[in-house]
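Residue numbers (the working numbering): 20 to 210. What follows is a set of notes on a single structure, which appears directly below.
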Ligand code: IMP
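Pasting the structure below:
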């Protein structure tokens, strides 16, 4: 029995554990190994997309054996609920200049691809030495624009998931597992 079922007050909204913390941990280690190998001899700037990538980024950078700096960007597009409006804008920009740097964009999940596509265009224009994408979860069924993904944790089905940084109306980010939200919870919220 998973921990959240018994003591989480929102437990009734959650359907099942899709990826438990042990599976996530194993995969994050593997991603860390690949990234460390690929960037050997170089210094990395890991850019987390707030707020969803916060926990993934924190775990990932601790698995890296290359020097790494951290920065964050915050974007808006999702309002309340589970559907993107399609419009993306930067709410908080980077603090560091990325020109000439090796930038790794770290994202929790790629859904339509609009967020990453938008950020990649903006970041490319700032002339980094290299620009790659690392995502924990990929939901390819809902893609509207293609996104080049260099490192992917898990490909998942088209379900709304929460936990490990991912939220539903700002809730559930703190769960250690990645859990499927019941469809009844967000049905009616979608556009
Ligand atoms: P995209 O622009 O449609 O690719 O959306 C990416 C963003 O949508 C992610 O950073 C998440 O914030 C949000 N998102 C998409 N699918 C989910 C999900 O299943 N759970 C939680 N957030 C999601």
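Beta carbons: idealized from backbone N, C-alpha and C, even for Gly. Predicted, not measured: the structure shown is a model, and the values here were computed from it.
- The stretch 144–151 makes no contact with the stretch 81–95: fewer than 3 CB pairs, one atom from each, lie closer than 8 Å.
- By the CB criterion at 7 Å, residue 107 and residue 65 fall outside the cutoff.
- Distances taken from the Cβ of residue 66 to the heavy atoms of ligand 1 include none shorter than 6 Å.
- Spanning the alpha carbons of residue 201 and residue 59 requires a straight line of approximately 42 Å.
- The count of Cβ pairs closer than 8 Å, one atom from the stretch 29–44 and one from the stretch 118–133, stays below three, leaving the stretches out of contact.
- Measuring C-alpha to C-alpha distances from residue 80 to each of 51, 94 and 91 identifies 51 as the nearest.
- In the structure shown, residue 182 falls within a strand segment according to DSSP collapsed to helix, strand and coil.
- Counted as a single uninterrupted DSSP element, the stretch harbouring residue 65 is not any alpha helix (DSSP H) but the beta strand (DSSP E) occupying residues 63–69.
- A contact is defined here as three or more CB-CB pairs under 8 Å, and the stretch 163–175 meets this definition with respect to the stretch 125–145.
- Around the Cβ of residue 158, a 10 Å sphere holds 16 or more other Cβ atoms; the residue is buried.
- When distances are taken from the beta-carbon of residue 133 to the heavy atoms of ligand 1, the shortest one is below 6 Å.
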